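Numbering follows my numbering, with no gaps: position 564 of the first sequence is 880.
Backbone N, C-alpha and C define an ideal beta-carbon position, used for all residues, glycine too.
Predicted model, so just to flag it, every value in this text is computed and none were measured.
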Amino acid sequence: MIKQLLQDYVSDLTGRNDIVIDVPPNPEMGDYSCAVAFQMAKEQRRNPLEVARELIAAMERSRPRLVERITNAGPYINFFVDGEAFAREALGTILSQDRGYGTLPPTGKRVIVEHTSVNPNKPLHMGGARNSILGDSVARLLRAAGYEVEVENYIDDLGIQFAEVFWGILQFGDTPEEKYDHFLGKLYIRVHETLTPELEGEIKRLNKEMEDPSSPHSAMARAIVERCVMAQLSSLKTLGIGFDILVWESDIVHAGLFDETFELLGESEDIVTEDDGPLTGCLVMKLGRVFPNMTNPDKVLIRSDGTPTYTAKDIALQMWKFGLLSRTLLYRTWDGTTMTSDNDGEPMDFGNADMVINVIGSEQSYPQEVVKRSLKLLGFDEQSEQSHHLAYEFVTLPDDSFSGRRGTWIGYTLDDVLSAGRAKALEAVTQRRSELTDDERGRIADVISAGSIRYNIARYAPEKKIVFRWDDALNLEGDSCPYVEYAHARCCAILRKAAGTYDHAACTFSYTHPKEWELVKALSEYPDVIASAAADKRPHYVTKYVNDISLKFNSFYNDLLVIGSDNEANRLALVDATRTVLANALRVLGIEPLEEM
RNA sequence: GGACCCGUAGCCUAGCAGGAUAGGGCGACAGCCUUCUAAGCUGUAGACCGGGGGUUCGAAUCCCUCCGGGUCCGCCA
């Protein structure tokens with residue numbers, strides 16, 4: 317908040333909109349700094365030092381709120397904040413807003429976040445989990461930033477990948493001896509081991525048949541997929557990840573959404589049906605103008621046999637998300653909190669988004685770009701602009717990739733990692749907290765294992781490849797979920813011991829120790845972190861921040877006594893504010909704050 | 001052939017609308033539990049920010065180029 321205040325202040329003073337407020341390398345130089353004098357001096361061909369002195373003189377005439385002193389170190393302008401006034405305002409805001417601290421005002425905009433959308437033929441492995449964790453974190457972030465968020469999972473129940481396991485079930489029987497998604501995943505490997513060109517033809521015919529609602533296989537296939545999706549969602553639920561709406565490809569087909577989209581596409585000048593050449597009979601999008609140098613600048617949307625390609629379906633789905641189609645889906649309840657599309661259901665208010673975020677691997681950047689451009693070609697400029705592909709790199713094993721067909725995911729499913737993590741966390745709690753009941757220790761282990769997996773994925777920038785290593789994934793020390801939870805639990809322990817013996821209305825908010833002061837400043841930045849993480853759709857800003865607060869708090873904790881100190885009431889207020897910020901930030905990351913561990 | 005992403009200490013990573021001494025973590029070494037939880041804290045060693053050019057008062061950050069790694073450019077899904 318103070319950074320923003322200073323930025324606005326310097327902007328007003330200089331009439332510039334490129335002001336950046338930094339933190340000086342050494343706290344003795346000031347709390348915040350600004351290097352405008354360099355820029356202005358360059359443009360005006362003047363001495364930067366002189367410019368800085370002039371600016372400071374102007375600032376002295378109407379000093380910004382909360383600033384006590386302004387000095388210069390060479391051409392750098394340094395601000396010293398009025399500690400007491402600042403702490404009163406910053407901590408006062410945190411303590412009074414409590415759980416609402418860091419929640420930004422409503423934007424009135426609806427955003428759809430599509431994530432997970434894994435084929436319904438296998439369990440989630442750590443690669444799929446990255447998608448879900450990223451998507452869920454971004455959804456929480458946007459909610460905190462004032463958006464109405466609708467979280468969607470697209471179920472590709474008509475894809476060839478599912479048809480392959482479906483064929484496997486017809487062939488080898490539906491006899492699961494383990495969690496259903498694991499059963500299907502292994503069946504899928506088996507099918508691929510026996511796959512021949514003739515079989516592929518047979519599976520294609522089966523795939524076609526599934527699309528026909530009057531075929532007996534249609535209903536059977538849907539029932540199997542539903543069972544698989546339930547299994548997949550139960551794994552995600554352990555991580556605190558859920559969906560508002562499941563959208564099924566079969567429902568989209570049968571509701572005529574593809575047909576309507578293709579009719580619209582056919583009206584565009586850049587989308588034509590070829591009548592000669594190798595693509596005769598195909599509906600083709602001409603991308604030569606937007607993507608020069610492509611080997612093949614013609615993107616097929618509808619094949620000569622009349623079936624739509626993947627990209628064409630993606631365009632239709634995107635159109636539905638923005639509410640651009642006149643035909644609509646119907647819905648029913650899937651479970652307590654999740655709805656699902658169902659053509660026998662009833663109308664509900666899904667779709668109609670102002671912004672769409674698709675969490676999809678970066679290898680699909682090109683088709684996602686085609687989707688975005690096609691909206692523009694159809695005249696939906698605004699929707700094209702508001703179509704965002706949140707791309708991320710894959711999770712791999714140290715010397716292999718995760719492959720559904722080859723089964724390299726076995727042993728690395730989300731369920732496997734969760735249970736290993738839980739065992740490790742349980743061992744750690746049991747060692748340290750023998751006085752707790754089994755239930756209490758179990759609950760802590762649940763939170764720590766789920767939180768660790770989330771944290772260890774969320775802390776990487778999306779464009780970084782992640783190599784899965786057990787030590788890393790289940791790390792309980794350092795920059796990790798337990799580290800942050802521990803700092804939070806320490807706050808709670810102090811507050812518990814003080815048991816409401818302080819009243820923050822009566823605090824003076826005077827802090828003299830640098831470790832107190834650094835914490836106050838960092839806590840005040842939380843809403844800015846939420847705002848920029850949401851704007852950039854990058855949850856790792858939050859893990860970074862929460863680690864930084866924990867680092868500062870633990871250092872404070874180690875050096876300074878709270879209860880029984882001569883600044884007890886003020887320190888209790890600081891601990892309370894730290895607790896609040898850590899808890900709120902953990903919730904944004906989908907991690908439940910622990911009061912003890 | 002073209003396009004996109006990544007390259008920061010032994011390992012992982014932040015910083016990349018240019019700003020003062022490049023943050024964290026793991027690992028290594030040396031310390032700290034009769035005071036609010038040691039899943040913690042403090043200190044030491046470790047970085048020519050992939051190489052080379054350029055722009056600038058100032059470059060990890062911007063531009064060019066090269067090298068290494070990954071991905072994409074199918075009537076596949």
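Nearest residue (CA-CA) to residue i, options the options
i	options	result
Leu562	Ile631, Ile471, Gly331	Ile471
Ile337	Asn394, Glu493, Pro364, His856	Asn394
Arg738	Gln747, Thr729, Ser768	Ser768
Ala777	His856, Gly652, Ala885	His856
Gln699	Lys813, Thr554, Asp670	Asp670
Lys868	Ala847, Tyr802, Ala815, His820	Tyr802
Asn668	Thr824, Arg426, Leu365	Arg426
Asp882	Lys495, Ser826, Trp833, Leu522	Ser826
Met442	Trp725, Cys797, Pro830	Trp725
Gly399	Leu458, Pro909, Ser848, Trp833	Trp833
Asp414	Met913, Ala901, Glu912	Ala901
Thr896	Phe872, Ile879, Ser866	Ser866
Arg722	Leu321, Ile335, Ile505, Asp864	Ile505
Gly604	Val545, Asn674, Ser327, Val686	Val686
Asp284	Gly695, Gly424, Leu450	Shown here, the chain extends from 317 to 913; a query on residue 284 therefore has no answer.
Gly963	Lys637, Leu549, Leu633	For the chain, the structure presents residues 317 to 913; residue 963 sits outside this window and is missing.
Ala351	Gly390, Arg362, Arg377, Asp328	Gly390
Ile410	Leu898, Pro909, Val904, Glu911	Leu898
Glu480	Tyr463, Leu640, Ser717, Thr512	Thr512
Gln477	Leu555, Gly501, Leu581, Met913	Gly501
Per DSSP, the bridge partner or partners of residue i
i	result
Ile393	Cys350, Asn388
Ser657	Tyr647
Thr510	None; Thr510 has no bridge partner.
Ile337	Cys350
Leu662	First, the amino acid is wrong: residue 662 is Glu here, not Leu. DSSP lists Tyr647 as partners of Glu662.
Val711	Ile782
Asp716	Leu713
Same chain only: Cβ atoms within 7 Å of residue i, ignoring 5 sequence neighbours per side
i	result
Ile372	Ile386, Asn388, Ile393
Arg538	Asp473, Ser566
Ala744	Leu792
Val465	Val427, Val429, Ala455, Leu458, Arg459
Ala849	Leu457, Pro855, Tyr857, Val858
Extent of the continuous beta strand (DSSP E) to which residue i belongs
i	result
Met671	671-677
Leu706	703-708
Val427	426-430
Ile726	Looking at the DSSP string, Ile726 is not in any beta strand (DSSP E), and its letter there is neither H nor E.
Cβ shell of residue i (< 6 Å), same chain only, five flanking positions each side left out
i	result
Val367	Ala353, Met356, Ala357
Ala741	Ala761, Ile764, Ser765
Asp452	Ile557, Gly906
Gly484	Leu503, Val507
Asn772	Ala789
Gly444	Val434
Asp630	Val687
Phe482	Ala537
Phe310	Any question about residue 310 goes unanswered here, given that the chain covers just 317 to 913.
Val675	His431, Asn447, Leu450, Gly451, Leu706
Residue interval of the alpha helix (DSSP H) (run including residue i)
i	result
Glu518	513-526
Val873	Sequence inspection shows Tyr at residue 873; the Val mentioned does not correspond to that position. Looking at the DSSP string, the run of the alpha helix (DSSP H) that includes Tyr873 is 856-875.
Ser750	Run containing Ser750: none; DSSP gives neither H nor E here.
Asn900	884-904
Leu691	681-693
Gly399	399-413
Tyr417	Looking at the DSSP string, Tyr417 is not in any alpha helix (DSSP H), and its letter there is neither H nor E.
Asp328	318-330
Proximal residues to residue i (C-beta, below 8 Å), its chain only, five neighbours per side dropped
i	result
Glu525	Ser531, His533, Ser534
Tyr647	Ile561, Met655, Thr656, Ser657, Asp658, Gly661, Glu662, Pro663, Met664, Phe666
Ile618	Phe578, Cys598, Leu599, Pro624, Thr625, Ala628
Phe574	Ile568, Pro624, Ala628, Lys629, Ala632
Which complete alpha helix (DSSP H) runs does the region 535-609 hold, if anything under 4 residues is left out? 565-570, 573-582
Worksheet item: Enumerated in chain order, which unbroken segments of the alpha helix (DSSP H) with a length of 4 residues or greater are wholly contained in the region 782-847?
Response: 786-789, 797-814, 830-840
Run through the region 614-647 for me and flag every whole alpha helix (DSSP H) of 4 or more residues, listed as ranges in chain order.
626-637
Give, in chain order, every unbroken run of the alpha helix (DSSP H) that is at least 4 residues long and sits entirely within the region 356-382.
-> 364-377
Just to confirm the assignment: which complete beta strand (DSSP E) runs, minimum length 3, are found wholly within the region 424-503? 426-430, 464-471
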